[in-house]
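In my numbering, the protein residues as written are 135 to 390.
All C-beta atoms in this analysis are idealised placements derived from N, C-alpha and C, irrespective of residue type, glycine included.
Here's the structure we're looking at; comments come further down.
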Amino acid sequence: MSLGKEPVKMDEDCEKLLEASSETSSLEATDNIPTLRDRTKNVANIRVYKIAGCFLVFLLCLSNLFWYLQLPTANRHSNEVTDPAYFGKPEKVLTSFDHDWKGLGDVEVDGVKYADDRWEHTYPKYGGSIALSFEYAAKYGLPLGDVTGDNSSEMHYLVAGYHQMHCLQVVRETIYQLNGTSTNTDPILWDHVLHCIEAVRQAVSCFMDPTLINLSVIWPGIPNGQRHVCRNKDALFAWTEEHAHPLPPIPGGPIH
């Protein structure tokens, strides 16, 4: 009889264990279910992250806009090809060139060198050296120059076109010295000459003229009809004269 009751006792014990295990599982499952407070906290955290992210993006856009506005207008668009506005925006001029071999000798019939005649009145006052205020330079995004000796609020600049003309004249004078037609007895500064040749090469390469020259057995005469699109040199000359200032002293070196 005792053997028959033991299985019943074991069944009761098993049921108690199962009930206890079930209660424990229910409690664990209940613990794993997020409460309303937890959900609210998570939603709040997500909102904070979103707001912080949007604020950082806003700051980034604002900083980029500020940087963009600091750029000179001419530098904001890489494809902008208008002339610098600091000497005005005069219309381009159409000019016919004298393509000829005649009359270009070192000495003409009247005893005047070709270069002396053609180059007369080429340079404005002080040869293209000017002075501009800090405000003027900042307005057009110009790099800082050396401060002038007589006015601490202005800086030295040199108009590139007149520097290039000066360099071409240096090469011309060197040729005259080498062929004996120059009265200049100063020694040839070869570093200066080579610098000038490179300056002229860069200028010609930069302003490469696309005008087509009609070819025939005889080189075209004076003029040959085609008109070249040129900058208004008179407008640049007048602006340079307006801001003219003596060159700063450069000890032991050429002036340009």
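Distance check between V327 and each of V338, Q311 and T317 places Q311 closest, using alpha-carbon atoms only. For V327, the enclosing alpha helix (DSSP H) has its first and last residue at W324 to C340. Taking the Cβ atoms as the reference, F371 lies roughly 5 Å from P258, within the contact range of under 8 Å.
I347 sits exposed, since fewer than 16 C-beta atoms from the chains shown fall within 10 Å of its C-beta. If you look at Y310, you'll find it in the alpha helix (DSSP H) that goes A294 to N313. For A265, the uninterrupted beta strand (DSSP E) segment begins and ends at S263 to S267. T374: member of the alpha helix (DSSP H) spanning K367 to E376, first to last residue. Taking 8 Å as the cut-off, the Cβ atoms of K226 and R335 do not count as close. DSSP links G222 through a beta bridge to Y220. Across the set G222, S230, I180 and T315, the C-alpha of S230 shows the shortest separation from the C-alpha of T345. Scanning A219, K223, D232 and D320 for the CA closest to the CA of R252 turns up D232. As computed with DSSP, L228 is found in a beta bridge with V363. Within its own chain, the residues whose Cβ lies closer than 8 Å to the Cβ of T308, once the five positions on either side in sequence are excluded, are I322 and V327, listed in chain order. Here G261 is buried, its C-beta having at least 16 other C-beta atoms within 10 Å. Straight through space, the alpha carbons of S286 and S267 are spaced by roughly 9 Å.
A residue is called buried once 16 or more other Cβ atoms fall within 10 Å of its Cβ, and C301 is buried on that count.
Here G222 has A369 and W373 as same chain residues with Cβ atoms under 8 Å from its own Cβ, once five neighbours each way along the sequence are excluded.
In this structure E288 is buried. Its beta-carbon is surrounded by 16 or more other beta-carbon atoms within 10 angstroms. Judged by beta-carbon spacing, S263 lies within the 8 Å limit of L292, meaning their Cβ atoms are closer than that value. L228 and D343 have their C-alpha atoms roughly 12 Å apart. Exclusion of the five residues before and after P224 leaves N366 and A369 as the residues of its chain whose Cβ lies within less than 7 Å of its Cβ. In this structure, the CA atom of E269 is about 10 Å from the CA atom of L276.
Taking C-beta atoms as the reference points, Q298 and A333 count as a pair closer than 8 Å.
Under DSSP, Y291 takes part in a beta bridge, and its partners are I264. Counting only residues of its own chain and dropping the five nearest sequence neighbours on each side, R361 has a CB closer than 7 Å to the CB of L228, T229 and S230.
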